[in-house]
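A.B. asks: If you read the protein sequences in the order shown, they are chains A and B.
Just so we're aligned: the first sequence equals residues 0 to 92 in numbering that gives the first Met the number 0.
Just so we're aligned: the second sequence equals residues 0 to 415 in numbering that gives the first Met the number 0.
Ideal Cβ positions, reconstructed from N, Cα and C, are used throughout, including at glycine.
Bear in mind that the values here come from a model prediction, so they are computed numbers and not experimental data.
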Amino acid sequence: MTYLEAILKVLVVGLILGAGLPAIFAVGLVAFSKGAGGAEADGTVTAPNPALKAVGLLLFAVVTAVVVIAILYITKGTIQHHFGFNPVPFIPK
Amino acid sequence: MSGELIILVLLIVTALAFDFTNGFHDTGNAMATSIATGALKPKTAVILAGLLNLVGAFLSVEVAITVTTSVLKIQDGKTGSLISGIDASTGLTIIFSGLIGGILWNLLTWLFGIPSSSSHALFGGLIGAGLAALGSSGVNWSGVLGKVIIPALAAPFIAGLVAACGTWMVYRITRNVMKKRREEGFRWGQIATASLVALSHGTNDAQKTMGVIALALITTGHLTGNVKQNGLPFWIIASCALAIGLGTYIGGWRVIRTLGKGLVEIESPQGLAAEASSAAIILSSSAAGMALSTTHVATGSILGSGVGKPGAQVRWAVAGRMAAAWLITLPCAGLVGALSYWLSDGVEALTGSALAGDGVIFVILVALSGYMYWRAQKQKVDSKNVNADWDDSTNSVVPADVREAAQDPSKPTASV
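#1: With DSSP as the reference, label L231(B) as helix, strand or coil.
#2: Could one say the Cβ of L195(B) lies closer than 8 Å to chain A's Cβ atoms, at least one of them?
#3: Give the C-beta separation of G22(B) and L245(B) to the nearest angstrom, bearing in mind that I take them to be a contact with Cβ-Cβ under 8 Å.
#4: Can you give me the Cβ contacts of N85(A) inside the same chain, cut-off strictly under 8 Å, excluding the 5 residues immediately before and after it?
#5: Do you know how far the Cα of V313(B) is from the Cα of R174(B)?
#6: Please look up how many angstroms separate the CB atoms of T13(B) and L214(B), rounded, as I've assumed it's under 8 Å.
#7: By DSSP, does L71(B) sit in helix, in strand, or in coil?
#8: Between the beta-carbon of G27(A) and the beta-carbon of V161(B), is there less than 8 Å?
#9: Could you tell me which of L39(B), V335(B), R180(B), A120(B) sits nearest to A324(B), measuring between CA atoms?
#10: I want to see whether chain B comes within less than 8 Å of L58(A), judged by CB atoms only; does it?
#11: How big is the Cα-Cα spacing for I6(A) and F19(B)?
#12: Sort out for me which residues DSSP pairs V62(A) with in a bridge.
#13: From the beta carbon of A237(B), is the nearest beta carbon of chain E less than 8 Å away?
#14: Excluding the five sequence neighbours on either side, which residues of its own chain have a C-beta within less than 6 Å of the C-beta of L58(B), listed in chain order?
#15: Spatial neighbours of I190(B) within its chain, please: CB distance less than 7 Å, with the 5 preceding and 5 following residues excluded, ordered by chain position.
#16: In the DSSP assignment, find the alpha helix (DSSP H) that holds D381(B) and state where it starts and stops.
#17: Since T293(B) and H200(B) are thought to touch, with beta carbons under 8 Å apart, how far apart are those beta carbons, to the nearest angstrom?
#18: Can you give, in chain order, each stretch of the alpha helix (DSSP H) that sits fully within the region 0 to 74 of chain B and has at least 4 residues?
#19: Roughly how many angstroms separate the alpha carbons of L103(B) and A60(A), rounded to a whole number?
#20: Whole angstroms are fine: how far does the CA of G356(B) sit from the CA of L195(B)?
#21: Going by DSSP in three states, V87(A) sits in which element: helix, strand or coil?
#22: When the Cα atoms are used, what is the spatial distance from L3(A) to L302(B)?
#23: Compare the C-beta of G13(A) against all C-beta atoms of chain B and say whether one is closer than 8 Å.
#24: Do three or more CB pairs link the region 7 to 15 of chain A to the region 273 to 290 of chain B at distances below 8 Å?
#25: Once DSSP output is grouped into helix, strand and coil, what is the label at V26(A)?
#26: How do the region 96 to 116 of chain B and the region 366 to 376 of chain B stand: do at least 3 beta-carbon pairs fall below 8 Å, yes or no?
#27: Use the C-beta contact count for E403(B): other C-beta atoms within 10 angstroms, 16 or more gives buried, fewer gives exposed.
#28: Within 10 angstroms of the Cβ of G165(B), are there 16 or more other Cβ atoms? Answer buried if so, exposed if not.
#29: Measure the C-alpha to C-alpha separation of F24(A) and L58(A) and round it to an integer number of angstroms.
#30: Please confirm if the region 247 to 255 of chain B is in contact with the region 123 to 135 of chain B, defined as three or more CB-CB distances below 8 Å between the two stretches.
#31: Do T328(B) and S116(B) have their C-beta atoms closer together than 8 Å?
The following block contains the structure:
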């Protein structure tokens with residue numbers, strides 16, 4: 000059972016981070032692209048929308064932040080060993 | 000220098016050589032999709048991957064701990080000392096033979112351009128040598144099953160599923176985005192995720208070699224058994240990081256070609272989804288100390304990205320050949336490991352010198368590696384022809400024109 004549990008855990012983490020983050024990135028790309036405006040393939044021109052563009056950038060930032068925190072979490076042991084502090088104190092052990 | 004110390008040095012050199020083959024065998028896991036879609040130039044991609052592997056190797060030691068404790072039962076789990084019945088010399092020969100099994104299997108699969116698992120090659124070699132030396136009591140079967148075999152079977156499916164979901168969502172969400180911007184955006188996303196995979200490869204795979212070197216040092220008594228508490232000596236981490244970084248930079252172009260061109264014809268959004276899936280799974284299992292095969296994950300992800308994209312086609316013949324190679328990797332590397340051990344043991348019995356035994360298998364390793372390198376050079380795949388069209392009739396990793404030129408030396412090579 001413990002094996003199955005470990006596998007399910009990796010699957011869930013994989014789906015959240017491995018498929019969820021690309022999806023957020025894609026939504027960010029949609030917002031950013033709509034916000035930037037310009038000519039579509041069919042010739043219609045949309046006006047730039049700074050708010051939408053900002054939403055896109057914000058979503059990109061969210062994705063980046065999650066990635067950085069995840070890496071710090073993995074490095075936690077090593078950082079603690081060599082430098083003596085916990086880089087991600089807000090994540091429960 | 001005593002004989003044991005010479006063997007130890009030879010072993011560390013061999014371990015670093017394995018780390019090097021591990022690097023170049025797996026460059027493709029991170030960079031194949033970026034190279035295939037043109038997001039990165041081949042040379043840029045391998046430099047980036049090499050640097051990130053170097054950095055990644057410093058991040059964690061969880062997997063190294065798994066390697067020292069979960070594969071072979073050389074060490075007593077509680078005290079960290081050698082278990083009774085083996086002396087340091089036998090222990091070293093076991094590890095040495097295991098490494099030889101790993102390297103030779105890695106080089107052979109590289110020659111055929113098959114992205115097989117370097118981790119399985121290593122563990123297979125170690126298990127084979129352990130079996131040959133100590134019988135089935137020398138292997139930590141529950142550790143092998145839980146931390147190596149089961150993750151190996153599950154990993155490609157998990158990765159494929161995650162990548163297929165990711166690919167499907169990404170295509171669905173961005174279907175109305177302007178083509179030019181979509182491509183540009185995903186190219187950047189792809190480079191970022193590929194970098195993450197390279198980083199995670201460094202953390203996961205470099206540690207396997209660190210674990211092996213640590214195991215050897217524990218065997219000779221240079222290192223106490225408790226890696227978890229005391230950490231690893233810095234020189235082990237640094238040298239392994241360098242070896243895997245260099246190996247990655249050299250680039251296993253044959254494997255890159257198979258992964259990027261052979262399995263599915265990949266577009267940037269698929270590349271992004273595949274790499275994101277790989278990075279998430281490799282990193283989360285590194286944190287859990289699971290010695291997962293990065294190759295199985297990456298291949299599963301790339302296949303998944305082909306399944307998840309409407310209308311994409313997967314070359315199942317190539318995938319099938321790979322799956323076959325995966326199944327036989329553990330036993331084959333194990334066989335080579337066992338043969339190496341028997342040979343070394345036999346020579347030792349004849350000459351009475353452990354150094355002679357280990358020296359003989361070292362020389363054989365160098366000779367066979369040289370031969371395979373020479374074979375590969377005759378039908379070369381490199382940064383220039385890595386993206387040449389895939390030959391559907393043969394499914395060979397060697398591009399058609401190189402193959403013809405090699406078969407008919409009178410004809411000048413078309414490339415260069």
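C.D. replies: Answer, in terms of the structure:
#1: Residue state, collapsed to three classes: coil.
#2: Answer yes: the Cβ-Cβ gap between L195(B) and chain A drops below 8 Å somewhere.
#3: Their Cβ separation, rounded to whole angstroms, is 7 Å, which keeps G22(B) and L245(B) in contact under 8 Å.
#4: Spatial neighbours of N85(A) in its own chain (CB-CB distance under 8 Å, excluding positions within 5 residues in sequence) are listed in chain order as K75, I78, Q79.
#5: R174(B) and V313(B) have their C-alpha atoms spaced approximately 22 Å apart.
#6: No, T13(B) and L214(B) are not in contact; Cβ-Cβ is about 13 Å, not under 8 Å.
#7: Of the three classes helix, strand and coil, the one that applies to L71(B) here is strand, per DSSP.
#8: No. Outside cutoff.
#9: In terms of CA proximity to A324(B), A120(B) leads the group L39(B), V335(B), R180(B), A120(B).
#10: Not one chain B Cβ lies under 8 Å of L58(A).
#11: Within the model, the alpha-carbon separation for I6(A) versus F19(B) is close to 30 Å.
#12: None, per the DSSP bridge assignment.
#13: The chain labelled as chain E is not found among the protein chains of the depicted structure, namely A and B.
#14: Apart from sequence neighbours up to five positions away, the residues of its chain that approach L58(B) with a beta-carbon distance below 6 Å are T202, ordered along the chain.
#15: Result list for I190(B): S33, A38, L39, in chain order.
#16: Segment: none, D381(B) is in no alpha helix (DSSP H) and carries neither H nor E.
#17: That pair is a contact at about 5 Å.
#18: List check, alpha helix (DSSP H) in window: 2 to 36, 41 to 55, 61 to 69.
#19: Going by the C-alpha atoms only, they are around 45 Å apart.
#20: For L195(B) and G356(B), the distance between alpha carbons rounds to 42 Å.
#21: In the structure shown, V87(A) sits in coil (DSSP, three-state: anything other than H, G, I, E or B).
#22: Near 23 Å, if we compare the C-alpha coordinates of L302(B) and L3(A).
#23: At least one chain B Cβ lies under 8 Å of G13(A).
#24: Touching, yes.
#25: It is helical.
#26: Judged by Cβ distances under 8 Å, the region 96 to 116 of chain B makes contact with the region 366 to 376 of chain B, as three or more pairs qualify.
#27: Its Cβ having fewer than 16 others within 10 Å, E403(B) is exposed.
#28: With 16 or more other Cβ atoms within 10 Å, it is buried.
#29: Going from the Cα of F24(A) to the Cα of L58(A) covers about 7 Å.
#30: Because the criterion of three Cβ pairs below 8 Å is not met, the region 247 to 255 of chain B and the region 123 to 135 of chain B do not touch.
#31: For T328(B) and S116(B), yes; Cβs fall inside 8 Å.
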